[in-house]
Amino acid sequence: MSTNYLQDLNQEQRRAVAHTDGPLLVVAGAGSGKTRIITYKITHLIKQKLCQPDQILAVTFTNKAAEEMRKRVEQLLFPLPSIPLISTFHSFGVRVLRRHARLLGYQPDFVICDTEDQTRILKKVYELLGFESGDLPIREARSVIGKLKNRSWDSEPEPQDDSEISPFYPIYERYQRLLKESNAMDFDDLIQQTVRLFQEHQDVQESYSRRYRYLLIDEYQDTNPPQYQLVRNLASTHQNITAVGDEDQAIYRFRGADIRNILRFESDFPGAAVVKLEQNYRSCQNILDAATAIVSNNLERKPKTLWTENPCGDPIDVYAAGSAHDEAFFVARQTEQCLKDGESGIGILYRANFQSRHFEEIFGRFGIKYRLVGGVGFYHRKEVRDALAYLRAVYNPHDNLALLRIINAPPRGIGKVTLDRLYAMSEDSQTSLWDTLVSGIEAGAFPGRSQRALQTFLGLIETCRGFRDLPLHLFLEQILESSGYIEALMKENTEEASNRRLNLQELVNVARENVDRGQNLQSFLDSTALHSETDDYDQTASVTLMTLHNAKGLEFPIVFLVGCEQGLFPHSRSLSEDGLEEERRLCYVGVTRSKKKLFLTYCQRRRFFGSDSEEVGQPSCFLGEIPSHLTRVSGSEVENTSPSYDYSSESSDPPFFEEDSSGSQSPDSWGEGSSTEAFDGRFIRGARIEHPKYGRGRVLQVQPAGDDIKVTVKFPGLGIKKMLQSYARLRLV
DNA sequence: ACACTGTGAGTTTTT
DNA sequence: CTCACAGTGT
Numbered sequence: 008m009s010t011n012y013l014q015d016l017n018q019e020q021r022r023a024v025a026h027t028d029g030p031l032l033v034v035a036g037a038g039s040g041k042t043r044i045i046t047y048k049i050t051h052l053i054k055q056k057l058c059q060p061d062q063i064l065a066v067t068f069t070n071k072a073a074e075e076m077r078k079r080v081e082q083l084l085f086p087l088p089s090i091p092l093i094s095t096f097h098s099f100g101v102r103v104l105r106r107h108a109r110l111l112g113y114q115p116d117f118v119i120c121d122t123e124d125q126t127r128i129l130k131k132v133y134e135l136l137g138f139e140s141g142d143l144p145i146r147e148a149r150s151v152i153g154k155l156k157n158r159s160w161d162s163e164p165e166p167q168d169d170s171e172i173s174p175f176y177p178i179y180e181r182y183q184r185l186l187k188e189s190n191a192m193d194f195d196d197l198i199q200q201t202v203r204l205f206q207e208h209q210d211v212q213e214s215y216s217r218r219y220r221y222l223l224i225d226e227y228q229d230t231n232p233p234q235y236q237l238v239r240n241l242a243s244t245h246q247n248i249t250a251v252g253d254e255d256q257a258i259y260r261f262r263g264a265d266i267r268n269i270l271r272f273e274s275d276f277p278g279a280a281v282v283k284l285e286q287n288y289r290s291c292q293n294i295l296d297a298a299t300a301i302v303s304n305n306l307e308r309k310p311k312t313l314w315t316e317n318p319c320g321d322p323i324d325v326y327a328a329g330s331a332h333d334e335a336f337f338v339a340r341q342t343e344q345c346l347k348d349g350e351s352g353i354g355i356l357y358r359a360n361f362q363s364r365h366f367e368e369i370f371g372r373f374g375i376k377y378r379l380v381g382g383v384g385f386y387h388r389k390e391v392r393d394a395l396a397y398l399r400a401v402y403n404p405h406d407n408l409a410l411l412r413i414i415n416a417p418p419r420g421i422g423k424v425t426l427d428r429l430y431a432m433s434e435d436s437q438t439s440l441w442d443t444l445v446s447g448i449e450a451g452a453f454p455g456r457s458q459r460a461l462q463t464f465l466g467l468i469e470t471c472r473g474f475r476d477l478p479l480h481l482f483l484e485q486i487l488e489s490s491g492y493i494e495a496l497m498k499e500n501t502e503e504a505s506n507r508r509l510n511l512q513e514l515v516n517v518a519r520e521n522v523d524r525g526q527n528l529q530s531f532l533d534s535t536a537l538h539s540e541t542d543d544y545d546q547t548a549s550v551t552l553m554t555l556h557n558a559k560g561l562e563f564p565i566v567f568l569v570g571c572e573q574g575l576f577p578h579s580r581s582l583s584e585d586g587l588e589e590e591r592r593l594c595y596v597g598v599t600r601s602k603k604k605l606f607l608t609y610c611q612r613r614r615f616f617g618s619d620s621e622e623v624g625q626p627s628c629f630l631g632e633i634p635s636h637l638t639r640v641s642g643s644e645v646e647n648t649s650p651s652y653d654y655s656s657e658s659s660d661p662p663f664f665e666e667d668s669s670g671s672q673s674p675d676s677w678g679e680g681s682s683t684e685a686f687d688g689r690f691i692r693g694a695r696i697e698h699p700k701y702g703r704g705r706v707l708q709v710q711p712a713g714d715d716i717k718v719t720v721k722f723p724g725l726g727i728k729k730m731l732q733s734y735a736r737l738r739l740v
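Count the first sequence with our numbering and you get residues 8 to 740, in order.
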């Protein structure tokens with residue numbers, strides 16, 4: 008068996024796989040065999056004996072993608088003497104950092120904290136610095152910190168040149184210090200600290216660069232500056248890098264991803280070869296045409312032409328639903344029909360997680376089995392996180408974050424007053440909470456009741472430490488018993504509590520599987536921290552609900568892209584600046600997930616925040632970018648429940664889909680560019696605005712009023728005001 | 001210390 | 001609607 012596997016590839020793909028020496032950029036359009044390139048190239052390198060398997064490093068963004076590749080490589084190459092490292096950026100970071108943590112002043116058993124931990128830490132920071140969440144909501148503080156960490160290669164951010172961020176720099180500084188003191192890293196640190204390690208310790212960098220002689224990077228368009236720098240560091244000694252990507256599918260700018268990384272690859276890596284893959288093997292012609300038409304409105308891209316030999320396929324169905332409920336109903340009915348026809352592999356894709364609710368509800372009523380990816384996942388449940396914190400705290404009591412989480416869960420009489428005291432003492436003595444607690448109890452530093460409660464807690468942790476040598480799952484079971492956690496749930500005697508118990512049982516099962524695979528506590532904790540919900544997504548489920556972001560890299564015979572409304576998709580918060588191009592790419596990603604059949608739906612009215620009335624919405628401007636001969640439009644009628652929404656004087660029912668003789672099925676607001684002129688960056692539903700007198704508010708409703716536009720705005724604390732756009736000097740924020 | 005209540009505020013996307 | 005929080009009462 009020599010080079011048979013090359014027969015599966017087209018000419019361009021073969022060129023990409025056969026190029027083994029030096030930098031290579033593979034510009035791979037949607038559905039053109041991106042994953043195939045990486046897996047076959049790994050195969051090629053090994054079969055041609057260009058290196059040992061364990062000298063190959065392939066980096067992806069999601070565990071799911073990594074797993075998929077591992078599986079495929081295994082299939083291609085039977086038994087292997089060693090295995091290539093196929094890993095996500097983050098888990099690669101963890102791997103390196105666990106080994107060299109001390110060089111950076113961390114302990115090797117550092118903790119990985121996620122968004123929830125970040126929030127807890129930030130609350131503490133606010134408390135310490137006297138910040139109010141009114142000054143800057145914690146959510147935004149997180150994003151400011153993320154920006155600081157992700158925008159540059161070096162680890163010391165320069166705040167002074169950014170007036171928008173510099174007032175909040177103390178928050179960043181204190182946050183980072185608390186993290187360090189807790190021996191913790193957030194997700195961004197996992198990359199950034201790795202880069203720092205490489206910068207400060209050239210020898211370490213070189214050893215990794217020499218160790219991995221061939222580098223393959225998936226989804227290169229989504230790399231942010233630290234990741235980019237990491238890649239360059241790894242390639243430094245050999246430049247054997249294969250970057251695979253597609254700038255049209257760059258959808259992680261909010262995470263600091265910089266599309267220019269892929270656009271300037273050739274100048275970054277002199278002598279780079281470039282291969283373009285333009286044949287699409289996935290979608291029908293109609294779908295591909297629609298996708299191409301949409302994305303060609305973007306300016307920030309290299310033009311390319313995707314083509315396919317696949318049949319034309321059905322027209323794209325566009326459905327104008329009356330309400331979100333109606334939309335879900337329509338999708339459920341269509342889905343039911345598809346299932347009856349023996350179809351499987353139906354994807355319901357949406358912009359934002361909260362949209363899933365209606366579909367879950369209606370699908371439940373229809374008896375349609377579905378799988379939900381994302382949302383509040385297993386590892387984010389309170390009880391699961393508590394249990395993991397117990398593991399951490401018992402294993403290492405100096406883990407402040409874990410200790411704080413479980414010290415009073417279940418309630419055992421250690422409240423805020425006691426905790427504040429403990430915290431202050433720990434600040435004074437510069438020791439961990441645990442040490443402070445131990446010495447404080449000895450010194451009798453607490454009032455009687457707290458003293459006894461803390462004493463009990465201390466005894467509990469010490470008892471649990473006695474179980475440390477048990478296999479992980481038994482260890483966990485023991486802790487849950489001894490801590491009284493299970494008992495407290497039993498006492499509650501509600502359905503919710505019994506669900507929680509089931510979840511904990513499930514966690515014990517996961518732990519057992521880990522033991523069976525020979526993994527230790529540390530790797531168990533790592534995998535739970537880096538786990539994402541996409542990971543256990545099962546290809547065999549016939550109906551799947553997920554966000555567009557989660558859908559990247561997947562494909563479905565049938566796709567429903569729902570909620571195609573101005574303000575939701577494109578999202579109102581991305582309308583200012585050039586965020587619209589990114590939304591358009593997201594739309595491109597969504598459309599190209601589909602193999603044979605695509606439905607696009609939107610709601611003419613949607614409830615916001617579960618408010619009492621449904622507000623009028625405009626169809627997504629992306630719908631207007633699809634040539635009308637590719638679509639088939641239908642819709643449900645909207646009853647005129649509220650006179651203020653009455654559009655009937657302007658068009659007959661259904662309002663947006665008047666059949667006219669000019670041949671265009673599109674309403675006026677769709678036409679090329681016109682919707683963009685009227686609404687892009689303006690005051691659409693959901694947008695946040697600022698009024699010179701009332702301050703900040705949110706647009707609830709927009710309606711035409713003669714030549715002007717009437718805008719309804721909710722100002723927090725002040726109530727709802729209606730105003731005309733031309734008079735009110737509104738500004739987007 | 002904690003369980004309860006009402007208030008008010010907030011929904012992009014993720015490792 | 002659903003979460004987090006403040007303020008109540010025990």
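Here a beta-carbon is modelled for each residue, glycine too, at the ideal position from N, C-alpha and C. All values derive from a computational prediction rather than experimental measurement.
Which residues in the same chain as residue i place their Cβ atom closer than 7 Å to its Cβ, once the five residues preceding and following it in sequence are excluded?
| i | result |
| --- | --- |
| Leu295 | Asn287, Leu313 and Thr315 |
| Ser436 | Thr443 |
| Gln512 | none |
| Ala72 | Asp225 and Gly560 |
Just verifying my parser: in three-state terms, what is the DSSP assignment at residue i?
| i | result |
| --- | --- |
| Val80 | helix |
| Trp677 | Its pLDDT being 44, under 50, Trp677 is placed unreliably by the model, and the measurement read from it follows with that caveat. Helix at Trp677. |
| Phe337 | helix |
| Lys559 | coil |
| Glu499 | helix |
| Phe567 | strand |
| His97 | helix |
| Thr608 | strand |
| Ile421 | coil |
Less than 8 Å between the beta carbons of residue i and residue j, yes or no?
| i | j | result |
| --- | --- | --- |
| Pro564 | Glu350 | yes |
| Leu411 | Leu440 | yes |
| Ala65 | Ile93 | yes |
| Ile224 | Ala250 | yes |
| Leu356 | Leu555 | yes |
| Thr608 | Val302 | no |
| Ser549 | Ile369 | no |
| Ile421 | Ala460 | yes |
| Phe117 | Met192 | yes |
| Pro177 | Arg639 | no |
| Gln625 | Glu572 | yes |
| Thr122 | Thr95 | no |
| Tyr377 | Leu552 | yes |
| Leu568 | Leu514 | no |
Got a sec, what are the start and stop residues for the alpha helix (DSSP H) residue i sits in?
| i | result |
| --- | --- |
| Arg184 | Tyr176 to Glu188 |
| Tyr397 | Lys389 to Tyr402 |
| Cys594 | Gly586 to Val598 |
| Phe194 | Phe194 to Glu207 |
| Ile369 | Ser363 to Phe373 |
| Ser457 | Gly455 to Arg472 |
Residue range of the beta strand (DSSP E) that residue i falls in?
| i | result |
| --- | --- |
| Thr764 | In the structure displayed, the chain extends from 8 to 740; residue 764 sits before or after that span and is not available. |
| His698 | Arg695 to His698 |
| Val281 | Ala280 to Leu284 |
| Thr551 | Val550 to Thr554 |
| Leu741 | Here the chain covers residues 8 to 740 and nothing more, so residue 741 does not appear. |
| Ala328 | Ile323 to Ala328 |
For residue i, which residues from the same chain have a beta carbon less than 8 Å from its beta carbon, with the 5 sequence-adjacent residues on both sides left out?
| i | result |
| --- | --- |
| Ile266 | Gln228, Glu254, Ala257, Arg260 and Glu307 |
| Ser490 | Tyr397, Ile413, Pro417, Leu467 and Cys471 |
With a threshold of 6 Å on Cβ separation, who are the neighbours of residue i within its own chain once the five nearest residues in sequence on each side are excluded?
| i | result |
| --- | --- |
| Val80 | Thr46 and Ile49 |
| Lys721 | Gly704, Arg705, Leu707 and Ile727 |
(message) Check whether the stretch 314–333 and the stretch 610–624 are in contact - that is, three or more C-beta pairs closer than 8 Å.
(response) Verdict: yes, contact present.
(request) Say whether the stretch 174–188 touches the stretch 130–138, bearing in mind that this needs 3 or more beta-carbon pairs closer than 8 Å, one atom from each stretch. (result) Contact between the stretch 174–188 and the stretch 130–138 is present, because at least three Cβ pairs lie under 8 Å.
(request) Spell out a yes or no on whether the stretch 567–582 and the stretch 590–599 are touching, meaning 3 or more CB-CB pairs, one atom from each, closer than 8 Å. (result) yes
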